[in-house]
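Here the structure is laid out as structure tokens; the discussion comes afterwards.
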Amino acid sequence: MSAQKNTTPPNPIDACVRDNLEAFFRDLDGQEPHSMHEMLIKLVEKPLFEIVMREAGGNQSKAAQWLGINRNTLRRKLTDHNL
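Quick note on numbering that gives the first Met the number 0: the sequence shown kicks off at 0 and runs consecutively.
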């Protein structure tokens, strides 16, 4: 019995992140990166919260549920990102 290969095409968001991370490393031109995890989370969270809040019609309870986080956490993160 042969193993079945995953034929699912790459997710466009995944491809975008990969392409941009590869460009980030090229632009470093040999320098070592610092605090990449924190940088990437901050860059992704703000547009994520902007769009989810818009799609939820500004309803924080609904947005928190969609995101799978506590509403208080959502409120803190909205404040952190000046949203």
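Don't be surprised by glycine CBs; every beta carbon is placed ideally from N, CA and C.
**Q.** Whole alpha helix (DSSP H) elements within the stretch 26-76, 4-residue minimum
**A.** 35-54 and 59-66
Q.
With a threshold of 7 Å on Cβ separation, who are the neighbours of His33 within its own chain once the five nearest residues in sequence on each side are excluded?
A. none
Q: Report all residues from its chain with a CB closer than 8 Å to the CB of Thr72; omit the five preceding and five following residues, and keep chain order.
A: Ala63
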